[in-house]
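J.: Structure below; questions to follow.
In this note's numbering, the protein residues as written are 3 to 88.
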């Protein structure tokens, strides 16, 4: 399998977030790509208003700081206008 493009990764992120909010680490595992790739793509989508990213000072599972990523209203409207993302 070749290298996936940024568009494919963003599509996968939106697909996961459509179900429920996730942390960067959860997205990394579910999408099977690196943490920095997830973070960079999420920051770009946040700039466009499709998702929101909020810092959680103490993650309930491990007590370490993390980031919770959620689909914004703009992102939900975008997904409803687009054909289903597989």
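Note that beta-carbon positions come from the ideal geometry of N, C-alpha and C, so glycine has one too.
Going by DSSP, what residues sit across from residue 21 in a beta bridge?
T.: According to DSSP, which records beta bridges pairwise, residue 21 is partnered with nothing at all.
J.: In this structure, how does DSSP classify residue 39 when only helix, strand and coil are distinguished?
T.: DSSP places residue 39 in helix when its eight states are reduced to three.
J.: In the DSSP assignment, what residue or residues form a beta bridge with residue 56?
T.: Answer by DSSP bridge pairing, in chain order: 70.
J.: Provide the residue span of the alpha helix (DSSP H) that contains residue 31, from first to last.
T.: Residues 26-33.
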